[in-house]
Amino acid sequence: MKDALSIIGKRRQIQNNKGTDSHTEHSGSKKLKTTSSTKHENIWIDKVNDLTQNFIVDSDGFVNVYTDGACSANGRENAKAGIGVWFGDNHPLNVSEAVVGRATNNNAEINAVTVAARQARKAGIKNLKINTDSQFLINCIKYWMPSWKEKGWVTSNNKPVINKNELIEMEEALKPLNVVWNHVNGHVGVYGNEMADKLARTGSSKYI
354 MKDALSIIGK RRQIQNNKGT DSHTEHSGSK KLKTTSSTKH ENIWIDKVND LTQNFIVDSD
414 GFVNVYTDGA CSANGRENAK AGIGVWFGDN HPLNVSEAVV GRATNNNAEI NAVTVAARQA
474 RKAGIKNLKI NTDSQFLINC IKYWMPSWKE KGWVTSNNKP VINKNELIEM EEALKPLNVV
534 WNHVNGHVGV YGNEMADKLA RTGSSKYI
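If you want it as structure tokens, here you go:
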């Protein structure tokens with residue numbers, strides 16, 4: 354088994370113990386595990402299109418991704434927003450691009466998860482752990498969305514949910530995946546979060 358696992362290069366350790374899983378039965382990332390296999394049922398990483406990709410996988414077999422959104426001049430006409438999706442240093446599935454649609458912080462956070470889910474599905478990932486510093490996003494998933502859907506996508510004040518379309522798109526992208534959500538504190542040195550933030554800020558500069 355040891356021969357099937359390799360650590361590629363020197364990678365800075367991800368400190369997930371600063372976050373809290375929304376599903377407490379899954380622990381944080383503890384080590385790097387990589388493998389390649391032609392078997393679709395491989396519990397670590399599927400091999401897609403004959404390309405071996407290396408991921409950060411926790412002890413429960415969940416691939417870690419860090420997502421972030423960035424928006425300058427949030428709420429103003431000249432706002433620019435971008436997304437960051439980080440699977441690992443120089444990973445081919447990393448994304449840094451402008452937000453699709455309205456340039457707001459919340460839209461960027463949602464859009465980042467949607468893109469991360471699509472990237473994961475392209476790579477054949479089944480179990481995905483999403484690390485985000487957006488408490489808004491965590492609240493949407495755990496508390497607000499079930500209530501909004503029951504009420505026809507209106508808030509407790511009977512106002513239309515602003516991010517309805519983006520949230521529905523995100524939910525559809527996540528459906529085929531087994532997802533664990535993990536909230537991490539932003540800007541406190543969590544490496545994956547810092548890298549996702551950097552990608553998001555670069556992406557915001559591309560917003561037109």
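So the sequence shown is numbered by the numbering used here: it starts at 354 and just counts up by one.
Backbone N, C-alpha and C define an ideal beta-carbon position, used for all residues, glycine too.
Practice prompt. Quick one: using the 10 Å Cβ neighbour count with 16 as the cut-off for buried, is histidine 540 buried or exposed?
Written response: It is exposed - the Cβ of histidine 540 has fewer than 16 other Cβ atoms within 10 Å.
Item to complete: Would you check if there are 3 or more beta carbon pairs closer than 8 Å linking the region 532-550 to the region 485-496?
Response: yes
Practice prompt. Taking all protein chains shown into account, decide if glycine 303 is buried (16 or more other Cβ within 10 angstroms of its Cβ) or exposed.
Written response: Only positions 354 to 561 of the chain appear in the structure, and residue 303 is not among them; the question remains open.
Discussion item. On the DSSP letters alone, give me the boundaries of the beta strand (DSSP E) that glutamate 450 sits inside.
Written reply: 448-451
Worksheet item: Which residues does DSSP pair with tyrosine 544 in a beta bridge?
Response: Answer is none; tyrosine 544 lacks a bridge partner.
Item to complete: Counting only the same chain and skipping the five closest in sequence on each side, list residues whose C-beta sits under 6 Å from that of leucine 527.
Response: Ala470
Item to complete: Could you tell me which residues DSSP puts in a beta bridge with alanine 423?
Response: Gly435
Worksheet entry | Residue nearest to glutamate 462 in terms of C-alpha spacing, selected from Tyr544, Val543, Val416 and His536 | His536
Practice prompt. Write down the C-beta distance between alanine 456 and arginine 554 rounded to the nearest angstrom, noting that I regard them as a contact closer than 8 Å.
Written response: Contact flag wrong, Cβ pair sits at about 13 Å.
Discussion item. DSSP three-state label for lysine 502, please.
Written reply: Taken through DSSP and simplified to helix, strand or coil, lysine 502 comes out as helix.
Worksheet item: Taking the Cβ atom as the reference point for each residue, do isoleucine 409 and glycine 505 lie within a distance shorter than 9 Å?
Response: no
Worksheet item: Secondary structure at valine 468, three-state DSSP: helix, strand or coil?
Response: In the structure shown, valine 468 sits in a helix (DSSP, three-state: H, G or I).
Worksheet item: Taking the Cβ atom as the reference point for each residue, do aspartate 421 and leucine 520 lie within a distance shorter than 9 Å?
Response: no
Item to complete: Could you name the residues of the same chain whose beta carbon sits closer than 6 Å to that of tryptophan 501, not counting the 5 residues immediately before and after it, in chain order?
Response: Val514
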